[in-house]
Every structure is written in C-alpha cells, then in structure tokens.
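Encoded as structure tokens, the structure appears first; notes follow it.
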Amino acid sequence: MKSSTQSFVESFMSDLIKKNPAEPEFHQAVHEVLLSLSTFLEDNPHYIHSGIMERITEPERIIIFRVPWMNDLGKIIVNRGFRIEMNSAIGPYKGGLRFHPTVNLWNCNKKLDKKLSHISDNHLSILIRCLIV
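First residue of the sequence shown: 10, per this note's numbering; consecutive thereafter.
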C-alpha cells in the first residue's frame with residue numbers, strides 16, 4: 010500500500026512532466042528533491058496541502074527582452090535576453106541576465122535545474138517555511 014506522500018510524489022511528477030515535457034534534467038532534479046523531502050513531508054503533510062512544491066517549481070515570472078546593438082560593420086543586430094525569476098519570498102531574486110546568441114529559454118531553465126538540485130535540505134526547509142507565509 011502506498012503512503013499519501015508516495016502518491017503525492019507520483020502525481021506531482023506526472024503533472025510536472027506533462028507541463029514541462031522536454032526537460033528531463035528538470036524532472037530529475039525535482040524528483041531528487043522530492044525524494045530527499047519525503048520523510049519531512051510525511052511528518053508534515055500540511056506542506057503538501059499548501060502547494061509548496063508547485064510554487065518552487067514554477068517561476069514567478071520569466072522576462073524575455075530584446076537587446077539591440079550595432080556590430081563593427083554598422084549593422085543593427087537584435088538578440089534576445091532572458092531572466093527567470095523563481096521566488097522573491099526570502100529576498101531579491103538570484104541569477105543574472107543571459108544575452109549570448111546561443112542561449113535560449115531552455116538553457117536558462119537547465120542552469121536553474123542544476124542550482125535546484127544542489128540546494129541543501131536546510132536551505133530548502135527555510136524556503137518552504139517562507140513560502141507558507
């Protein structure tokens with residue numbers, strides 16, 4: 010028999026994969042975080058019901074902007090810039106702007122996935138407590 014936490018993890022991951030189908034690194038990072046939090050979530054089910062995981066896996070906002078510039082030949086080039094802002098609950102957003110021509114929204118999310126997978130349990134529990142407010 011599955012615990013309610015196991016059911017939550019399976020259901021949450023299924024929904025996350027449907028919303029973000031082409032991001033296997035993101036799926037893996039979120040799954041690892043959920044597994045590391047499973048005992049905590051079993052002891053504190055109110056965190057599941059308050060939608061914490063939904064809030065930390067969906068950006069507050071994504072800003073896409075144009076960056077016009079003139080090259081050495083006098084030609085105007087327009088590049089696209091990106092900024093993904095995940096959560097402002099514990100202060101200003103971290104991260105930076107991405108301008109390189111090879112960068113796209115998927116690359117920005119991929120960098121974010123790597124950062125998410127390295128969050129310590131202590132930092133994550135602080136973040137979770139801040140999100141409930």
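Positions of the beta carbon are idealized from the N, C-alpha and C atoms, including for glycine.
Close beta carbons around residue i, own chain, < 6 Å, minus the five adjacent residues each side
{"i": "residue 20", "result": "none"}
{"i": "residue 57", "result": "17, 50"}
{"i": "residue 54", "result": "none"}
{"i": "residue 29", "result": "35"}
{"i": "residue 102", "result": "94"}
Rounded Cβ spacing between residue i and residue j (contact assumed at less than 8 Å)
{"i": "residue 89", "j": "residue 75", "result": "6 Å"}
{"i": "residue 32", "j": "residue 68", "result": "With a Cβ gap of about 13 Å, residue 32 and residue 68 do not count as contacting."}
{"i": "residue 43", "j": "residue 62", "result": "7 Å"}
{"i": "residue 80", "j": "residue 72", "result": "Going by Cβ atoms, the distance from residue 80 to residue 72 rounds to 25 Å, so no, they are not a contact pair."}
Same chain, Cβ closer than 8 Å to residue i, five either side skipped, listed in chain order
{"i": "residue 26", "result": "36"}
{"i": "residue 47", "result": "14, 15, 18"}
{"i": "residue 22", "result": "36, 39, 40, 43"}
DSSP state of residue i mapped onto helix, strand, coil
{"i": "residue 13", "result": "helix"}
{"i": "residue 18", "result": "helix"}
Which residue spans inside the segment 20–87 form an unbroken beta strand (DSSP E) run of at least 3?
As summarised for the segment 20–87, the continuous beta strand (DSSP E) elements at least 3 residues long and confined to that stretch are 70–79, given in chain order.
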